[in-house]
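Chains as they are written, first to last, in my numbering: chain A, 304 to 786; chain B, 304 to 786; chain C, 304 to 786.
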Amino acid sequence: MTIASNIGKAHLHPDRLFSADTNIRAVAREIYNSIQGLPIISPHGHTDPRWYAENKRFDNPAAFLVIPDHYVFRMLYSQGIELEELGIPSVDGTPVEQDPRKIWRLFAKNFHLYRGTPTKLWMTHSLSEVLGVDEPLCEASADRIYDHIEACLASDAFLPRTLFEKFNIEALATTEFAVDTLEHHKTINSSGWRGRVITTFRPDDITNPQHPLFQTNIKILGEQTGEETSRWTGYLEAIRKRRAFFKEMGATATDHGFPTAFTTILTETQCQNLLTKAIAGVCTPEEAELFRGHMLVENARMSCDDGLVMQIHVGCYRNHNPLIYKHFGQDKGCDIPTRIDFVNGFRPLLNEVGNNPNMTIIAFSLDESSYSREIAPLAGHYPALKIGPAWWFHDSPEGMKRYRRQITETAGFYNTVGFNDDTRAFLSIPARHDVARRVDSNFLAHYVCEHLLTLEEALDIAHDLTYTLPRKAYKLDTQVKTP
Amino acid sequence: MTIASNIGKAHLHPDRLFSADTNIRAVAREIYNSIQGLPIISPHGHTDPRWYAENKRFDNPAAFLVIPDHYVFRMLYSQGIELEELGIPSVDGTPVEQDPRKIWRLFAKNFHLYRGTPTKLWMTHSLSEVLGVDEPLCEASADRIYDHIEACLASDAFLPRTLFEKFNIEALATTEFAVDTLEHHKTINSSGWRGRVITTFRPDDITNPQHPLFQTNIKILGEQTGEETSRWTGYLEAIRKRRAFFKEMGATATDHGFPTAFTTILTETQCQNLLTKAIAGVCTPEEAELFRGHMLVENARMSCDDGLVMQIHVGCYRNHNPLIYKHFGQDKGCDIPTRIDFVNGFRPLLNEVGNNPNMTIIAFSLDESSYSREIAPLAGHYPALKIGPAWWFHDSPEGMKRYRRQITETAGFYNTVGFNDDTRAFLSIPARHDVARRVDSNFLAHYVCEHLLTLEEALDIAHDLTYTLPRKAYKLDTQVKTP
Amino acid sequence: MTIASNIGKAHLHPDRLFSADTNIRAVAREIYNSIQGLPIISPHGHTDPRWYAENKRFDNPAAFLVIPDHYVFRMLYSQGIELEELGIPSVDGTPVEQDPRKIWRLFAKNFHLYRGTPTKLWMTHSLSEVLGVDEPLCEASADRIYDHIEACLASDAFLPRTLFEKFNIEALATTEFAVDTLEHHKTINSSGWRGRVITTFRPDDITNPQHPLFQTNIKILGEQTGEETSRWTGYLEAIRKRRAFFKEMGATATDHGFPTAFTTILTETQCQNLLTKAIAGVCTPEEAELFRGHMLVENARMSCDDGLVMQIHVGCYRNHNPLIYKHFGQDKGCDIPTRIDFVNGFRPLLNEVGNNPNMTIIAFSLDESSYSREIAPLAGHYPALKIGPAWWFHDSPEGMKRYRRQITETAGFYNTVGFNDDTRAFLSIPARHDVARRVDSNFLAHYVCEHLLTLEEALDIAHDLTYTLPRKAYKLDTQVKTP
């Protein structure tokens, strides 16, 4: 972050996110100063491995900062700006804006809409701290800032690997579906570059009968592994082989993103019947739910064997808006959280593997009402269960405060796993980690000033939340060993 | 607010509701000072249009401040005081207290019960700021204060229109059912008085088969419009005509108050069958729900045509206490919020009209767990959907804080619509708007002091929340145009 | 609390739990000072009446502080420490650690896991304020502190009755099942000791068909009362007799702990059929729910007659972990809260007895989302319904803050009932009450500094919350009179 390091500071106060109370602020600063320089551990995210593999220059400012970030364009869409105007690529041939400067101007003109949102924090951090922009973004400054960013992107200082190193990222995980060939990870691994970019095994495409590619990918899965994937035993063996391949390529974790927390244990006959229906594309919604619920348990069993950490992200109604889905496909800001029932839903899973202290399940919740009621009590009991950080819509200062205030008293700090940035926007990585470090520092400072923690304890916890816990929870501090 | 303007202040501190932190307090004051004098926009409420039409003196203090306010008497009832003792009019001939002074004394004696509640804030504001009462209300002061208020009410300074002007109300909406003749609004409109009092179209009496007046009002609806309301097409056309009539009388919005967020789209045949059953009074609860769910979509379609803003208030179990309902009827403090599912419930509605940027749906939630989980993510995506303010039980300092903290980060400020007082108690209008302005100022001051907003931005947002947004969202800043 | 009164203070700051803001802190201190010395009212808890009856020395430090406290060992278990290592008694013969010093060391070594939890507060209070320990607990100090506590326990100053008096407990309730012989309470009552230890009637063992002892205890119930408990009328009469016996032994309240808030009113025929099935052990889960739901109403009716206050604790999935249940039985930290529906669930109950101002139902919720949505609106209306304090997982500083912030504005302070410690850990009683008094003082100080309450009002409320309300709500200030 060397370009223009002294400008832009006016728009990003060094004490941002710290309490206005001078005592708390002083302690928060001290805690933050102790962790600000720690390497970034990014064990869950969605940046494109191609960037690190090819190490090519990023495209124009709109393609870099606006188009890939659904946090950015969903807000604009909610205020009546069409996705077509923002150049979001369509999946059905709908023509969309191609002029990046026009898109950027539209974004800049409406930048006031993000007031009070984390997107504004992240974007301002990216512009000011990484790109060295020295004035606020608005309609009047749009062109000047566009030109400035374009110039940055043209320089070697903004190549993906250079930024990766500048950001002080110690380890970063991307996420790939089960039949991905992981070619970019192969390239990275064999390139001699010292940056640690690993994959994550996300098998939803072959475990969720309602996934649009399920039938296609089950076939590919069979070809990739030489297993008869229409037979239950072959199907399971094929998954095991893919897990082994992902692990070989560096993965330390799997990820499972389902609509509910439902899990179940079925008989082999039931499983075979459901698999047959799923391949034939004739599962009812209830049968699909049964299949997914059982497959969470199967993957948990495999994790007990191969040591991959199991992440479960649940509670989202995907593609709520069919019009947008039709024109623009998935991940376009149309996913909406729903109520979740971890207590009944996770019970079969936890009864099966939850008492295994060598197993790690990291659960993420989009339903904040489950924090103090369900997820903290569960993680404060089952040795296998850990709580993922405040996620997605809750990856925000207020969201993180609620998370710590509602979880810590029952689950403590040590049943949590530090921060995930979970982002598709590369420049938001340091911004998001900075917000998390500041919010945690401020939270701990409150407890110090209310005499619930000593400053020494708080410094210790801050270091753990930032560095020790994510490395340990995601097994990034060791080789993954098969027991 | 000229009477006795310097007394009573001791009981209503000028810095009330601002943070104890001196930095935040100073900023909050500055923000509040910038909006304190703005006109009141009251786009949703339940005051009696007769007051403004007839402009007669208000009755005694009990009839003015206690009897019409269910916030007031529900608390007393919860502590063992019978509604009969409070002079609440019965619907079944049960005799109730007729002496307003006795009622007032009972209220005054128990005024400590409201400690920590918004009712205390509102009532103290009414007594101190509007009525110039200069001592705290309690058993000992009850008679003196009664006499003082009685004297006020006898003066021209306390006539409804005079107060309306003194309160600096720019526009105020009342709420009337679909077959209301709007005689008071006619009187107001033709009176030459410059006060803007408009109606709101609330068709629950003809769209909810479980409404006690459904059958009666469907008949009246037919007579009023010359449509055959037992036929589906005639029924719809009759509603269109009533909407047009309300709009002609000044309405810019409709309001729909249903127990759940369920919406659906049925075939015309299904609709006709349900309408026939509803008129015959033989709908099952499930059929009534289907009918209501479809009628929300029909009214939304009509809004797309006639431009009326659509308000949806859902999630309340009405008349939970049959004993009170039997003796005293509805709106007697026996309505209790329930869990709500906007994500599944609103999906058919939003899929039908949610992508229309010229449509406005304002949704209100009594289930705070839906704020960050459902309503903010939905409004942060669908262009038609805006979020109504913290409502009813949540129209309170803590409720408003939770609302802003749980909604802003995902939906921003600009998918909200400012404040609604939603009151039946005339004097509580300035009190409620004052509380909202103070709480918003204090919220923004926190963000300024934590360096998330500049003071300039905060001043700008405060003005928008108080004045610009409600005028725009409710189309009070323009003539309603039929597209 | 005389032993070593000046040491250990460094680890327990006199201003702990008060705001860092100097204005609020000063007010909080003043309020706290006014209530700090008030007697402890403990109307709901689970300490062992044998302690007070026999007044024998407590066992070793591990048996005293670790083994009986599921808050303590569930956290250790969640971090991979087996209950066997902690000496938790097994129910199936599984061998467990017998060396209390080893158990203590394991606990001490892992004491950092409790950072940020109320357990740390309570334990530090017990060690520092009651036991006079003068250094922080950790691996290095484990043996020294063990020796110190052991020496304490050997002295007369630490006999149960002496501690009870030292703690300034005015009244303490234990909880016994319906067929308990109450021998310890008899001993206490006839001992001449002035300590007031009363029982609470908890009939779950005879009203919940899924209780493991249901069939056994129904038989015992018949024998104890001479009633034919397989007949509906005999069964009810037997319960009435047991209630009378408990009341005679000092009970002022009953307690009902069920998984849901469901209540219902069945016909006598339905009741007899369900009772017959329940005794035969053939109830379906739905039938058990019906039976429990009706029995809540029956017990409420009996409370209307005999004046016993009715406590209802709902919303917990008991024994979520079958492995632990098999080896160690119930109450081992495996109970997990669930969503709760008071609005529909309690409606039959409240319609039956809720309008009776001489009836008291105290409802406890583990689902914080029900606070502002359901429980405060219900208690702010029905005269019989009061809100129990923040309970179990929410008996914590943050939990109490949320409770007050989410409940007060709708239900006020006077529909709540003060604090319950609800503990099995004797030394945690003064610690828990101290935390509650501090948190309430700090909450009230906020309101004073934001000019929502005067200091006089706050002092008055603090006294009520600490002393007046629990004595009144639990009828500890009067003889229980049968109307």
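Idealized CB from N, CA, C, for every residue including glycine.
Since we're looking at a predicted model, the values are computed, not measured.
Problem - Distance CB(Met-378/C)-CB(Leu-434/C) smaller than 8 Å - result: Not in contact: Met-378/C and Leu-434/C (Cβ atoms no closer than 8 Å).
Problem - Closest by C-alpha distance to Tyr-374/B, when choosing among Arg-774/C, Glu-712/C, Leu-779/C and Leu-762/C - result: Among Arg-774/C, Glu-712/C, Leu-779/C and Leu-762/C, the Cα nearest to that of Tyr-374/B belongs to Glu-712/C.
Practice task
Could you have a look at Leu-577/A and say whether DSSP puts it in helix, strand or coil?
Solution key: Under the three-state reduction of DSSP output, Leu-577/A falls in the helix class.
Practice task
Run the CB neighbour count on Asp-507/C, radius 10 Å, all protein chains shown included, and call it buried at 16 or more, exposed below.
Solution key: Burial call: buried.
Problem - Beta-ladder partner(s) of Cys-619/B, from DSSP - result: Partner(s): Pro-640/B.
Problem - Cβ of Arg-727/A within 8 Å of any chain B Cβ - result: For Arg-727/A, no Cβ of chain B is located within less than 8 Å of the residue's own Cβ.
Practice task
Taking only the alpha-carbon atoms, compute the straight-line gap between Tyr-620/A and Gly-636/A and give it to the nearest angstrom.
Solution key: Distance from the CA atom of Tyr-620/A to the CA atom of Gly-636/A, rounded to whole angstroms, is 11 Å.
Exercise for the section: Grab the span of the beta strand (DSSP E) containing Glu-601/A for me, first residue to last. Expected result: Premise fails: Glu-601/A lies in the alpha helix (DSSP H), 588-609, not in any beta strand (DSSP E).
Problem - Burial state of Arg-447/A, where buried means 16 or more other Cβ atoms lie within 10 Å - result: The residue in question, Arg-447/A, is exposed, as its Cβ has fewer than 16 Cβ neighbours within 10 Å.
Practice task
Quick one: grab the DSSP three-state call for Leu-755/C.
Solution key: Secondary structure of Leu-755/C (DSSP, three-state): coil.
Problem - The alpha helix (DSSP H) enclosing Ile-338/C, as first and last residue numbers - result: Start and end: 325-338.
Practice task
Can you have a look at Asn-723/A and say buried or exposed, based on whether 16 or more other CB atoms are within 10 angstroms of its CB?
Solution key: So Asn-723/A ends up on the buried side.
Handout entry: 4 or more residues per run - each alpha helix (DSSP H) lying fully within the region 476-550 of chain B
Key = Assignment of alpha helix (DSSP H) within the region 476-550 of chain B, counting only whole runs of 4 or more residues, yields 486-493, 507-510 and 517-528 in chain order.
Problem - Residue-level contact to chain C via CB, Asp-743/B, 8 Å cutoff - result: It does not: the Cβ of Asp-743/B has no partner Cβ on chain C nearer than 8 Å.
Exercise for the section: Scan the region 607-633 of chain A for residues whose Cβ lies nearer than 9 Å to a Cβ of chain B and list them as they occur along the chain. Expected result: The residues in question are Gly-618, Tyr-620, His-623, Asn-624, Pro-625, Leu-626 and Ile-627.
Practice task
Please name the residues in the region 357-379 of chain A whose beta-carbon is closer than 7 Å to at least one beta-carbon of chain B, in chain order.
Solution key: Within the region 357-379 of chain A, the residues whose Cβ lies closer than 7 Å to some Cβ of chain B are Arg-377 and Met-378, listed in chain order.
Practice task
On the DSSP bridge assignment, give the partners of Gly-560/B in chain order.
Solution key: Bridge partners of Gly-560/B according to DSSP: His-616/B.
Problem - Alpha carbon of Asn-576/B to alpha carbon of His-684/B, nearest angstrom - result: Cα-Cα distance, rounded: 35 Å.
Handout entry: Where the beta strand (DSSP E) containing Lys-689/C begins and where it ends
Key = It spans 688-690 - the beta strand (DSSP E) in which Lys-689/C sits, taken as one unbroken run.
Practice task
Output, in sequence order along the chain, the residues in the region 313-333 of chain C whose CB is closer than 7 Å to any CB in chain B.
Solution key: Of all residues in the region 313-333 of chain C, the ones placed with a Cβ closer than 7 Å to any Cβ belonging to chain B are Asp-324, Asn-326 and Ile-327, in chain order.
Handout entry: Residue-chain proximity (Ala-476/B, chain A), Cβ-Cβ < 8 Å
Key = Contact of Ala-476/B with chain A is not assigned, every C-beta pair being separated by 8 Å or more.
Problem - Beta-carbon proximity of Phe-746/A to Leu-386/A, cut-off 8 Å - result: No, the Cβ-Cβ distance between Phe-746/A and Leu-386/A is not below 8 Å.
Exercise for the section: Examine chain C for any beta-carbon lying closer than 8 Å to the beta-carbon of Val-600/A, and answer yes or no. Expected result: By this cut-off, Val-600/A is not an interface position.
Handout entry: One or two residues paired with Thr-719/B in a DSSP bridge
Key = In DSSP, Thr-719/B forms a bridge with Ile-690/B.
Exercise for the section: Have a look at Thr-536/C, Ser-322/C, Thr-769/C and Glu-592/C and flag the residue whose alpha-carbon is nearest the alpha-carbon of Cys-752/A. Expected result: Nearest option by C-alpha distance: Ser-322/C.
Exercise for the section: Establish whether the CB of Ile-310/C and some CB of chain A are separated by less than 8 Å. Expected result: Caution is warranted here: a pLDDT of 36 is assigned to Ile-310/C, below 50, making its placement in the model unreliable, and the coordinate value is therefore given only provisionally. Judged by the 8 Å Cβ criterion, Ile-310/C is not in contact with chain A.
Problem - Spatial distance of Ala-606/B from Met-662/B (CA atoms) - result: It should be noted that the sequence gives Ser, not Ala, for residue 606/B. A straight line joining the alpha-carbon of Ser-606/B with that of Met-662/B spans about 7 Å.
Practice task
Step through the CB atoms of chain B and report whether any lies within less than 8 Å of the CB of Phe-746/A.
Solution key: Not an interface residue.
Exercise for the section: Report yes if the CB atom of Gly-721/C is closer than 8 Å to the CB atom of Leu-772/C, and no otherwise. Expected result: Note that the C-beta distance between Gly-721/C and Leu-772/C is below 8 Å.
Handout entry: Separation of Ile-582/A from Cys-574/C, as counted between CA atoms
Key = Their Cα atoms are separated by approximately 50 Å.
Exercise for the section: For Tyr-628/B, collect the residues of the same chain with a Cβ closer than 6 Å to its Cβ; drop the 5 residues on either side in sequence, then sort them by chain order. Expected result: If we look at Tyr-628/B and ignore the five residues flanking it on each side, its Cβ neighbours are Asn-622.
Exercise for the section: Could you tell me which chain A residues have their CB closer than 9 Å to the CB of Phe-696/C, listed as they occur along the chain? Expected result: Within chain A, the residues Ser-675, Arg-676, Ala-679, Pro-680, Gly-683, Glu-712 and Thr-713 have their CB atoms less than 9 Å from the CB of Phe-696/C, given in chain order.
Problem - Short CB-CB distance (under 8 Å) between Gln-518/B and chain C - result: Residue-level contact by beta carbon fails for Gln-518/B and chain C, as no gap is shorter than 8 Å.
Problem - CA-to-CA distance, Leu-368/A to Phe-461/A, given in whole angstroms - result: Taking the straight line from one Cα to the other gives about 13 Å.
Practice task
Output, in chain order, the set of chain C residues within a Cβ distance shorter than 7 Å of Gln-513/B.
Solution key: Result: empty, since nearest Cβ-Cβ is about 16 Å, beyond 7 Å.
Handout entry: Buried or exposed by the 16-neighbour rule on C-beta atoms within 10 Å, applied to Pro-515/B
Key = Under a 10 Å Cβ-count criterion, Pro-515/B is classified as exposed, with fewer than 16 other Cβ atoms of the shown protein chains found around its own Cβ.
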